[in-house]
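Protein chains in written order, with this note's numbering: chain A, 222 to 684; chain B, 222 to 684.
Every residue gets a Cβ at the ideal spot worked out from N, C-alpha and C, and that includes glycine.
Computed from a predicted model, the values in this text were never measured in an experiment.
Structure first, commentary second.
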């Protein structure tokens, strides 16, 4: 482990920030970031740095790092590459222990020597360096936020349990923006770009020990040190689930990745095998990354048998298809249980699994169906398919579904297909921590990953 | 072909409709449907039928079909199963040639004999029967709409080129609702439920010949007559693309399908092989169904080499991954073409494919990149990845992307990952016929299906 990684708290929990390259011009990153820190309610002190200005956005502006009075814990640097070494040297003298360099123009542009010097300076000074060539960090708890995208285009998530480590700023920010629009909270976001000093292994280790982080997402093109990364992943998996996406798999995609962050993409099959060994949940693309991570906010399934409840017969059939295809089991319902269900089910419906409670199902019928399956120890997890469009339902069903998701007996995945009205219901559910899907296929795939991770963790506990 | 199928125009194009089971009670289907016909601007005459009322929603109400004055082309029936035979007999006497029976309680409930009588009555009278146990039809052109879901929960799509034949009302309606919320237009929607008389084969044949229909979607659990369906599909595929989803694949899923619409799901592998032979584009779930169909609104790719343009390096890498995984080619760019691109590309970017035009790309740089790849005959189709979150972009880019999609030289797929702001951009694009995706994976999968269909159609033309 890099010694400097111990100082990552001065990035994520910084009580004071110097913003080097702060600007009056709304088109400049240094303006957007300052505005975001102020408007976002950053809880510490902010020191804009720019020799050309006395004041920016009502904050006193300093000509350089050295002239800031008192202690500064973190510096965000958004100035051209050739100015960065001097700035970081100033940070070292000032005793700043966390530095986020957003600027590009280092290894990814062939300026390998400059990047090495930057890393060396930070290492010697014990500075936890994020970047260069990155978006930096978000921590909704301290409201530190170095992302240069304006709020109206890119929503910031509330506080929650998912942390995201990403080598690509664009990919990471898009996922976080998507999460925010669903009301899904995050613990930490970090885009580390070229990872000159601290890279994925350091960040995985830090977040594995972070109490706020319940699940880790990793987007990786090519690890700086594959062996260290996999050791970190292996240890992290024992504490919390890690969902990873490896990009730059094939030959040509690998070339594209190299010119992106200056790292060698490496052989995909080696990653795939190592992820498997480290019990990392692998996603196939951004969509799956987002689909998988949300199901981990609930408890673990005790077995791989799935109960399906639906008010739309066809969607139940699709869920059953997905369950069989993913190698999970459609739970068997005993004759006794069927009789118990038949007592409250209308005579024109069948007590079975999938349990089609029919298009005229109201909230009470959903509640009875959920309770019948929740109380059945043969069932490990539930897929609840809701056509919110049907006239007999309204948003009061949300409460029943949140209750089901909070029920420690088994995890659930809600499938809700439809347009704007349905999406509004999904967002309410997601904001309450209930994973929702537009299609049974990703819902079942996510439950499959959860089940596999549960088996691994249970196996570890028994030993 | 069923003779009665010739009268399907009296369903989809009906100039007058009797609504049997019209109701004053807003909780009843017969009220919602009447309200939807009126509010939806149905262009023909509406005759509510219910012996208990003189007037409903300001429309004169008739005690029965026979007492309606003048000609009636279509009847929508939403009364209990045991009343339906008499109503259909009345329709026959009245000379009504199109009947939509929404009511359940037929074959799916074991009342096979009742369903057979219904079919026989309609066959003898030459009535084009949709249903029973279905949602019926939407035709945005004539504004006929028998869907009993209120507008605020379930948006109706505008007029467009996609037609949807669905055995499951729930699945179909959810997809249509989703399409509507994106502004994607449809030509016809038909949920045919038990398909007592007319079923998938008749509807495929009808829509294959329908000038408004450019693409057909089919959701099928079990065909009434597999041989006829596949003949119809084979003929339809020669005229327009057909995207199909077969549900009820496995043993247990098949049982669920049988109790849903009373049809035997059949052996999935037989369907899979027959789809393949009929050149039907098969989807794996609702998500794919929706993903695939939209790309077909553009022209056909001339080859399987893909050009990728992106303002986010990581997303370009993911697109390249997806292209290699799907067995398409990442197009080779000649040195001469690279030199031409380098003339306008900033020096800190690389002229390559994927073409990463960097996070500071403005609209002009996107336009130049699109033109460079559009004009390159080695490239068959474009994947354009846009991070709309970046400060240098705004919705003026929509115009450039619509122009690219309308460009006959090659089809495009736009990848736009992100939250609410990005989704708003995607909806503008979709409403203009540009297919958009949240992830490169489904975008590339869709282009792959388009390319395969193009090869088939080109092969047919050459013969």
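Asked                                                                                                                                                                                    : Found
Can you pull the chain A neighbours of residue 612 of chain B, defined as C-beta to C-beta under 8 Å?                                                                                    : 248, 250, 253, 369, 370, 371, 374
What residue from A:354, A:369, A:441 has the CA that sits closest to residue 386 of chain A's CA?                                                                                       : A:441
When you check each C-beta in the stretch 422-450 of chain B against every C-beta of chain A, which residues fall closer than 8 Å?                                                       : 440, 442
For the stretch 338-358 of chain A against the stretch 243-250 of chain A, are there 3 or more C-beta pairs whose distance is under 8 Å?                                                 : no
When the Cβ atoms of the stretch 674-684 of chain A are set against those of the stretch 223-237 of chain B, are three or more pairs found closer than 8 Å?                              : no
Check the DSSP bridge columns for residue 502 of chain A and list the partner residues they point to.                                                                                    : A:464
Who are the neighbours of residue 643 of chain B on chain A, taking C-beta pairs under 9 Å?                                                                                              : 374, 375, 395, 398, 399, 402
Determine the contact status of residue 631 of chain B and residue 667 of chain B, defining contact as a CB-CB distance below 8 Å.                                                       : no
Is there a C-beta anywhere in chain B that falls below 8 Å from the one on residue 471 of chain A?                                                                                       : yes
Considering only residues of the same chain and omitting the five flanking positions on each side of residue 547 of chain A, which have a CB-CB separation below 7 Å?                    : 665, 666, 669
With distance defined between alpha-carbon atoms, name the residue in A:614, A:642, A:636, A:650 nearest to residue 623 of chain A.                                                      : A:650
Residues of chain B with a CB under 7 Å from the CB of residue 341 of chain A: which are they?                                                                                           : In chain order: nothing, as chain B lies at least about 24 Å away.
Which residues of chain B have a Cβ atom closer than 8 Å to the Cβ of residue 543 of chain A, listed in chain order?                                                                     : 506
Give the DSSP bridge partners of residue 274 of chain A, in chain order.                                                                                                                 : Answer is none; residue 274 of chain A lacks a bridge partner.
Under 8 Å, Cβ to Cβ, is there at least one residue of chain B near residue 389 of chain A?                                                                                               : yes
If the cut is a Cβ gap below 8 Å, which residues of chain A does residue 566 of chain B touch?                                                                                           : Here the premise fails: no neighbours, minimum Cβ distance about 13 Å.
Starting from residue 366 of chain B, find everything on chain A with Cβ-Cβ shorter than 9 Å and list it in chain order.                                                                 : Result: empty, since nearest Cβ-Cβ is about 14 Å, beyond 9 Å.
For residue 380 of chain A, count neighbouring C-beta atoms within 10 Å of its own C-beta (all shown protein chains included) and say buried if the count is 16 or more, exposed if not. : exposed
Relative to the C-alpha of residue 559 of chain A, which residue among A:460, A:574, A:327, A:316 is closest?                                                                            : A:574
What number of angstroms, rounded off, separates the C-alpha of residue 427 of chain B from the C-alpha of residue 506 of chain B?                                                       : 25 Å
For the stretch 371-378 of chain B against the stretch 329-340 of chain B, are there 3 or more C-beta pairs whose distance is under 8 Å?                                                 : no
Residues bridged to residue 365 of chain A by DSSP?                                                                                                                                      : A:360
Measure the alpha-carbon distance for residue 304 of chain A versus residue 610 of chain B and round it to whole angstroms.                                                              : 27 Å
Between the C-alpha atoms of residue 360 of chain B and residue 376 of chain B, what's the straight-line distance to the nearest angstrom?                                               : 13 Å
Just the Cα atoms here: how many angstroms apart are residue 550 of chain B and residue 396 of chain A?                                                                                  : 27 Å
Here's the rule: buried if 16 or more other CB atoms are within 10 angstroms of the residue's CB, otherwise exposed. What is residue 318 of chain A?                                     : buried
Checking contacts by CB at 8 Å: is residue 521 of chain B closer than that to chain A?                                                                                                   : no
Could you run through the stretch 636-662 of chain B and flag, in chain order, every residue whose CB is less than 8 Å away from some CB of chain A?                                     : 638, 639, 640, 641, 642, 643, 644, 659, 660, 661, 662
Closer than 6 Å by C-beta to residue 406 of chain A: which residues in its own chain qualify, once you throw out the five before and the five after it? Chain order, please.             : 378, 379, 380, 381
Ends of the beta strand (DSSP E) at residue 639 of chain A?                                                                                                                              : Taken as a continuous stretch (DSSP letters only), residue 639 of chain A belongs to no beta strand (DSSP E), as it is neither H nor E.
Beta carbons nearer than 8 Å to chain B: which residues of the stretch 321-349 of chain A have them?                                                                                     : 325, 326, 330
Does any C-beta atom of chain B lie closer than 8 Å to the C-beta of residue 411 of chain A?                                                                                             : no
Would you call residue 492 of chain B buried or exposed, if buried means 16 or more other Cβ atoms sit within 10 Å of its Cβ?                                                            : buried
Residues of chain A with CB under 7 Å from residue 414 of chain B, in chain order?                                                                                                       : None at all; the shortest Cβ gap to chain A is about 10 Å.
Would you list the residues sitting across from residue 380 of chain B in a DSSP beta bridge?                                                                                            : B:407
Please specify which runs of the beta strand (DSSP E), each continuous and at least 3 residues long, are wholly inside the stretch 516-590 of chain B, giving them in chain order.       : 526-531
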